[in-house]
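Asks:
In this note's numbering, the protein residues as written are 13 to 235.
1) What does the alpha-carbon distance come out to for the pair residue 233 and residue 117?
2) Residue 130: buried (16+ other C-beta within 10 angstroms of its C-beta) or exposed?
3) Report the three-state DSSP secondary structure of residue 52 (helix, strand or coil).
4) Using alpha carbons as the reference points, say which of 227, 128, 175 and 192 lies closest to residue 72.
5) Based on Cα-Cα distance, which residue from 187, 208, 138 and 221 lies nearest to residue 196?
6) Rounded to whole angstroms, what's the CA-CA distance from residue 135 to residue 125? Just pull it up for me.
7) Taking 8 Å as the threshold, find out whether the segment 50-62 comes into contact with the segment 196-213 through three or more Cβ pairs.
8) Just the C-alpha distance for residue 229 and residue 83, rounded to the nearest angstrom, thanks.
9) Let me know if residue 159 comes out buried or exposed under the rule of 16 or more other beta-carbons within 10 Å of its beta-carbon.
10) What residue range is occupied by the uninterrupted beta strand (DSSP E) comprising residue 214?
11) Give the single residue among 189, 165, 123 and 91 whose Cα lies nearest to the Cα of residue 149.
12) Using alpha carbons as the reference points, say which of 223, 92 and 153 lies closest to residue 185.
13) Within the same chain, show all residues whose beta-carbon is closer than 6 Å to that of residue 179, passing over the 5 residues directly before and after it, in chain order.
14) Which ranges would you report for the alpha helix (DSSP H) in the segment 95-166 if only whole runs of at least 4 residues count?
15) What residue does the alpha helix (DSSP H) around residue 232 start on, and which one ends it?
16) Please state the DSSP three-state secondary structure of residue 67.
17) Can residue 139 and residue 123 be called in contact, C-beta distance under 7 Å?
18) At the level of alpha carbons, what is the spacing between residue 163 and residue 100?
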């Protein structure tokens, strides 16, 4: 329950431990980007909100990066991460496999951290792979790790000279994070840690994600 007494906005797929049914239908074409609502993060940085498919987002192909909600082995998975890997092609997973291990058993990126690879068939220059947590209610690690995942992605983007970065709703959906809490963390980290980035974009595939991110942006930026 939120401090204002309202329930948290939960994902429709509550049982995140069980994978959704695998479809035999061919994948649908990417949904075009709509919206483009802008907010000012600082004198040099703009926040932009879109609804649609993150895989088609790009700016200049040189200083732009998509953030993939990655798993610890930085390979193809479900949801947005899987869509990014499909669009980028198999070389993205190959690049992830070649990253140095951060931990035993082939862990390429620990929870709350981020690593970077080329983007291959995507139109952006890089993919930043950030590992966000599975939501656990009454566990302080969940907000700590989600804050860390966003902060790590932004700090890595700045070190890489990225000027345009794009996020999805990390930890939502299958990972079970309440939309409003996740949006507050995401937007707060972008406000605090955008550094030299010129534009921070969010592409939200689901309408309820998009609406929640807009609501949280209006609250945080008081507009």
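Cβ atoms here follow ideal geometry from the backbone N, Cα and C, with glycine treated the same way.
All values derive from a computational prediction rather than experimental measurement.
Replies: Quick answer:
1) Cα-Cα distance, rounded: 43 Å.
2) exposed
3) strand
4) 175
5) 221
6) 24 Å
7) yes
8) In a straight line, the C-alpha of residue 229 is about 27 Å away from that of residue 83.
9) With 16 or more Cβ atoms within 10 Å of its Cβ, residue 159 is classed as buried.
10) Residue 214 -> beta strand (DSSP E) spans 211-216.
11) 189
12) 92
13) Cβ neighbours of residue 179 within its own chain (closer than 6 Å, five residues either side excluded): 79 and 214.
14) 102-109
15) Its alpha helix (DSSP H) spans residues 219-233.
16) helix
17) no
18) Straight across, the Cα-Cα distance linking residue 163 with residue 100 is about 24 Å.
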